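So the structure is just underneath, and the comments pick up after that.
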Amino acid sequence: MTTPWLLMTGTHDTAAIGSQTPESRRKVFAALAPGDKYELVLDKAEHSVFTERPLPGEKQQRNPNHHRVILALSTAFWDAYVREDLAAKAWLTGSAPRGLMDAADVWQMK
188 MTTPWLLMTG THDTAAIGSQ TPESRRKVFA ALAPGDKYEL VLDKAEHSVF TERPLPGEKQ
248 QRNPNHHRVI LALSTAFWDA YVREDLAAKA WLTGSAPRGL MDAADVWQMK
């Protein structure tokens, strides 16, 4: 698989429908071949963290920083790979993303 990937999940990202768990979601990144692959795991984030507002059934209190991180990383990813913006790719692969995140969040690339 040579296509760039950006995977995002949370440590409490359990599917309301189906059987996906945070652990099963993380197997995808581990299985991908190296080269332009990124994974963000937000600490204590549920699946609904990727929406702008809380959804019924949420169990975790939202971390307002999570949405900021999601927007920054996804924008940089699309700019880097769709717009072929070298500055965006340099930002994505540098230390800046980690500086936005909470200490318990995970950011990795291969």
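Whatever position you read off the sequence shown (first residue = 1), add 187 for our numbering. Where a beta carbon is used, it is the ideal one built from N, C-alpha and C, also for glycine. A quick note: this is a predicted structure, and the numbers were derived from the prediction, not measured.
Counting along the chain, VAL293 sits inside the beta strand (DSSP E) bounded by residues 293-296. By a beta-carbon distance limit of 8 angstroms, ALA267 contacts ALA275. Their separation comes to about 4 angstroms.
Bridge pairing for MET195: LEU227 [DSSP]. For ALA263, the secondary structure class from DSSP, reduced to helix, strand or coil, is helix.
GLU233 sits in a strand when the DSSP states are folded into three classes.
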